[in-house]
Amino acid sequence: MITQRLLNALGGRILWVAAILIAVAILVPASNLLLPVGHPLRVPNYMVALLGKYLTYAMLALALDLVWGYVGILSLGHGAFFALGGYAMGMYLMRQIGDRGVYANPDLPDFMVFLNWQELPWYWWGFDQFWFAMLMVMLVPGLLAFVFGWFAFRSRVTGVYLSIITQAMTYALMLSFFRNDMGFGGNNGLTDFKDILGYPIQATGTRATLFAITALALAASLLICSAITRSKLGKVMVAVRDAESRTRFIGYRPEYVKLFAFVVSAVIAGIAGALYVPQVGIINPGEFAPANSIEVVVWTAIGGRGTLFGPIIGAVLVNYAKSWFTAAYPELWLFALGGLFVAVTLFLPRGIVGAIGQLRHYWRSRSARDEGGAPPETPETEQVAAEKTVRARSTAASPVLGAAKPQPAE
Amino acid sequence: MPHVAPLCPAGHLPHKGGDQPAGYSSPISDVGRKAITSKLLISPLVGEMSGRTEGGNVGRILLQLIALFAALFLALTPAHAQSVEELVRQLPEGSYSDRGKIVAQLAATGDVRLVPLLEALAAGELNVVEETGQVVTTAPSGDTVRLTDALTAETAGEASKGAVVRIRVNNSLRRAVRAAIGQLTLMSDSAATRRSAAEAMFNAAEPDNLALLDEALAQEEHAGVRRTMEQARAASILKTDASAEQIAEAVDTISARGDRAALGILTAMLGQADDDVRPAIQEGIKAIEAHLALLDVGQNVWYGISLGSVLLLAAIGLAITFGVMGVINMAHGEMVMIGAYTTFVVQNIVRTSFPGLFEWTLAFALPVAFLVTALIGIAIERGIIRWLYGRPLETLLATWGLSLIIQQAVRSIFGASNREVGNPTWMSGSFDFYGIAMTWNRFWIVVFALAVFAILLVVMKRTALGLQMRAVTQNRRMASSMGIRTPWVDALTFGLGSGIAGLAGVALSQIDNVSPNLGQGYIIDSFMVVVFGGVGNLWGTLVGALTLGVVNKFLEPYAGAVLAKILVLVFIILFIQKRPRGLFALKGRAVEA
Amino acid sequence: MPRTDTILYLDGVSVAFDGFKAINNLSLVLDKGEMRAIIGPNGAGKTTMMDIITGKTKPDTGEVFFNGSIDLTRHDEADIATMGIGRKFQKPTVFESHTVEDNLLLALKGQRGIFPTLFHRKSSEEEERIGEILATIRLEGRRSDFAENLSHGQKQWLEIGMLLAQDPKLLLVDEPVAGMTDAETAETARLLREIALTHSVVVVEHDMQFVRELDVKVTCLHEGSVLSEGSLDFVSSDERVVEVYLGR
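Residue numbers (our numbering), protein chains in the order written: chain A, -5 to 404; chain B, 60 to 652; chain C, 3 to 250.
In structure tokens:
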């Protein structure tokens, strides 16, 4: 009974994906640690780190999809939440270096000694405690999203305008973090980490564990997002996306619905960033670059927005392609990425997942017709729902055009 | 004319007079010069005083006269027709006094090329190559010395150290040289040269200059140069033991100048001034400081307008496409970049094929850049954007993808490094506008931005295309049912917007690095301008651009450039909350739909 | 008439957009339980009046009271909706990517907060109520279909169904029969009359046949103010109304 309810709440398909992720979380580290070096089935060390990075990106894409695919907020600043989470983790890792830095100062990170700072700024207090840092990983992005969203959504900034000011937000943060005075390492960011919770950060075991945690965190985020989108609130979210003012006239407050999704999404993005930093070994202001945030959008679009595993597939695929291209044909990568942006918006508006669903739907109705039977009633499969949501999305976007395409009102 | 020196009858100096050509080698002008100088003959007695070498005003003036006399004397001898080159060759020969005569003759030629030569002579750095008699400056290079022709500044090979001999100077010759330099500069034909000479004397004031300045003032007709000379004279007076009255007068003259140099002179003076002149100086300082504060504001406004005009150029095309079509063109910055590269290509063609037309490069580049970017814009619209109407967020993504492709394409063709686009002379240098320093390129860009804005305004208000564009902006469906071919209007609008971005690129190539990343630097700022100004309103874009520019520049002195930019961004983010549709938003039911 | 007995009370309301007076000194009173038809040529201010009542547009001057005592100008759309004013739009706006059932579920009276919605579980009463409404609007057979696949008339009905699900005290219905067949129109009139038994209703409509079928008091708006008010026969014989509709 309870399991049945859980299944309903989460969606069977999503449970499968989550199960696969959990299996990955166990198998990849196991193969890396247990099998001997050179074994054909062993996942090499670099691959563990690489896959771990992909999965944090997948988490970021999932977070973006929650607001973009389901509430229609195209955030061009989600990289900011990711980076803030990353910085919070980076600050913890910096404090863990202790007196092993170049200047061997037990209290101050190297860059502060270099800048002749005498004491730790107040906003660094507490980051030597893991629990506090983890709290901040969620709190800082969440709070920023809350404040930003509170103002933006309440004053009904929508569509392209919202996208532009989210971009301005991450741009402003990037410029701020580049400043040495900010106390976050300026240009160089935070790096040269030594250990995490006492375990050396470069060790194979630590890396495998970080990978497992990332995969589990992704599975958990997936389940949470699924639960949200399948709840009544999830339906309200889609309603807000498709016809915002209509939801107002039946008594919902779209600004709060958006705010909720935005904050949850920012927290997930922050956690993703926090998992990213120890696996990559550095966080710098470049992570705030607007271009990064837009790239996340294309992962999501390619995988299929408005579906929950689309962004995961998209993030992994695009980043795999990026790794391959930058090794094989570095000068062609931007052509490929740019081409992807154009091609996906023109030819694959529902992304890969949406397109597969459409194709399956098409084949099913065709085979049904071939058998002479009436076309079956559209079953409410995930893909069909997805493709419908995406189709509706495009119309939902049109209020944005307000000034450009006013509808005759009478 | 109160400052005329007693011993210098007005207009007696040779080679001065606005209408005389500067050419020194022309026999005609030589004749002219001769004619003038011959009228100026004073007394040959002055020559007898050449032995006096003591400093002081009188001595200086006498020396001048000696030099003059010598010049006249030589001018009247058969040797007078000698060219500058020949005179220079004679320089190493003879005694100090012979040299003095030659220096005076050189001064009389009015050839400004002589200034560095004479300076080298005074500094004792002038040498002669014994074998050839060539007058050179030297620079040590290992065992040998590198030679540079002192007159032409061309390299003249190397020689062993022993092969060159220094041309010796003594104090009296040095004075003669300095007088000659003053004569060449302070009494040059070119007002600009005279002004800069006076300016130099202002900055390095010394009592010795007084006589020279007085002479120059006596015949100076150009009001601006006169003012500078009087200021230089006042600064020199402050260095003498002049009476309190004179000092007060000089302080007035200097404080009227109102710049930092004047402030520096007065402040330095304050410390050593007598009590009776102190209040006058303090007052002068106060007046200058007030003036400077005002200038600061003016300067910031100018910087702000300058930045604002750049923003305007970058944003205005975006405002059109966004306003009319609701399309966010993320590749807009790349259109700017293409415009800049077009300028680069056009300039290269001009340089190699028509070097004489270099000054006109920008005039050629403007139409070419407009056409190139407009065509690319139309191609983008027809190829991609028209499939995405009604889906602005998708358009945003597709055009972002395009911007990546364009950037990478340009990087592949032209390389990733900066390309050099030269400034024509009329865009180089700077000028002073009531104490506000302006560079010509910034000035022309402001003019250009306003011109583009005005033309666009006319296009929008007075042409059929403009009318149709406005119709489509206000009510697309109605416009199309009125028989306006909206797809056509869309394509042309996009072409126009992109073309203007191309024009912006031509302008920006003059002040920014032409690199594949050029456009990226402007795209976010341009959006801010459009969003701040309000969509569908050109005036909004103008006001938005100038406001953001000025605000940014006023914040910079207090917050630093980066923080100022951050503050402006935060301000816009907050502003959008308050007025979600910008400063000049369309109102009414239509916008909500 | 004392204000306290009214469900809707507009007095001296004006609103201008860029100098254009969309509503000009409009006064309108609706009794509790009354159904009122509002007619008027294009641009008469009908939709703007609805916008003012539902809180979308704030009037420049004038009083707007709901249920005798609630000042509507101080509340926003969501507040007004939860207080009991439901609105059907001129252009049918249903949630196209939701099923018919979900559309009704979203509209059902209940808590609108974030967390109650997040943890909401469909109760049997709600299930029952949805069934009733589906029967009323004759969409039982299409319960699980996506709303975007409905015909135009069905969407209109679904929207009326959503109004019913909200269970408001006052319904504002903007052109409910636009684009409907005659049979559908008659059916809609019947449905509205039925609703009017238990609710106060304002219907904006162009279709005179439909207005006649409703058989209620009619208000004719012109240039933002009331031109004529009374029975349909009275209003349609008013010379000024004729002039406005037919031109001079």
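The C-beta atom is built at its ideal place from N, Cα and C for all residues, glycine as well.
- Residues of the region 207 to 229 of chain A whose Cβ lies closer than 8 Å to any Cβ of chain C, in chain order: Ile222, Ser225, Lys226, Leu227 and Lys229.
- Per DSSP, the beta-bridge partners of C:Ser227 are C:His224.
- Beta-bridge partners of B:Pro199 (DSSP): B:Val204.
- In chain order, Ile495 and Met497 place their CB closer than 7 Å to the CB of B:Trp361, counting only its own chain and leaving out the 5 sequence neighbours on each side.
- In chain order, Leu169 make up the part of chain A whose C-beta sits under 7 Å from the C-beta of B:Lys624.
- Counting other Cβ atoms within 10 Å of its Cβ, A:His33 stays below 16 and is therefore classed as exposed.
- Put simply, the CB of A:Glu325 is near chain B, with a gap under 8 Å to one of its CB atoms.
- Under the 8 Å Cβ criterion, the region 219 to 227 of chain A does not count as touching the region 264 to 272 of chain A, having fewer than three qualifying pairs.
- Taking 8 Å as the cut-off, the beta carbon of B:Gln533 is found no closer than this to the beta carbon of A:Phe329.
- Within 10 angstroms of the beta-carbon of B:Ala235 lie 16 or more other beta-carbons, which makes it buried.
- Membership of B:Ser219 in the beta strand (DSSP E) is indicated by the continuous run Thr214 to Ser219.
- Against A:Ala162, the close residues of chain B are Ile583, Met587, Leu628, Ile631 and Ile632, in the order they occur along the chain (beta-carbon pairs closer than 7 Å).
- Taking C-beta atoms under 8 Å as the contact rule, B:Glu217 and B:Arg233 fail to qualify, at a distance of about 29 Å.
- One thing to note: C:Leu174 has its Cβ within 8 Å of the Cβ of C:Val204.
- Taken through DSSP and simplified to helix, strand or coil, B:Ser476 comes out as coil.
- A straight-line Cα-Cα distance of about 5 Å links C:Ile87 and C:Leu172.
- With a cutoff of 8 Å on beta-carbon distance, A:Pro279 and A:Gln161 are scored as not near each other.
- In the displayed model, C:Gly232 falls within a strand according to three-state DSSP.
- A:Leu9 is positioned such that its CB atom lies no closer than 8 Å to that of B:Ile625.
- For C:Lys23, the secondary structure class from DSSP, reduced to helix, strand or coil, is strand.
- Beta-bridge partners of B:Asn186 (DSSP): B:Val195 and B:Arg225.
- Among the residues of the region 69 to 83 of chain C, those with a Cβ less than 7 Å away from any Cβ of chain A are Glu79, Ala80 and Ala83, in the order of the chain.
- Taken in chain order, the members of the region 136 to 166 of chain A whose beta-carbon sits within less than 7 Å of a beta-carbon on chain B are Phe145, Ala146, Ser149, Arg150, Val151, Gly153, Val154, Tyr155, Ser157, Ile158, Ile159, Gln161, Ala162, Met163, Tyr165 and Ala166.
- Looking at the DSSP output, C:Lys219 sits in a beta bridge with C:Arg38.
- C:Val244 is classed as exposed because its beta carbon has fewer than 16 other beta carbons within 10 Å across all chains shown.
- Using a Cβ-Cβ cut-off of 9 Å, C:Arg145 is close to nothing in chain A; its nearest Cβ partner there is about 11 Å away.
- When CB distances to chain A are screened at a threshold of 9 Å, the residues of the region 377 to 403 of chain B falling below it are Phe381, Gly382, Val383, Met384, Gly385, Val386, Ile387 and Met389, in chain order.
- Rounded to the nearest whole angstrom, the CA to CA distance from A:Arg148 to A:Pro135 is 19 Å.
- By the Cβ criterion, the region 93 to 112 of chain A is not in contact with the region 302 to 316 of chain A, since fewer than three pairs of Cβ atoms, one from each stretch, lie closer than 8 Å.
- Check the Cα spacing between B:Thr197 and each of B:Gln242, B:Val223, B:Ile408 and B:Asn262: the tightest is with B:Val223.
- C:Arg89 places its beta carbon less than 8 Å from that of C:Thr56.
- Look at B:Arg254 here: in three-state DSSP terms it is helix.
- For a Cβ distance threshold of 8 Å, residue set Ser225, Lys226 and Leu227 of chain A lies close to C:His122, ordered along the chain.
- Taking all protein chains in view, the Cβ of A:Arg240 is crowded by 16 or more other Cβ atoms within 10 Å, so the residue is classified as buried.
- For the pair A:Asp189 and A:Ser220, the Cα-to-Cα distance works out to about 34 Å.
- By the 16-neighbour rule on beta-carbons within 10 angstroms, C:Gln211 is exposed.
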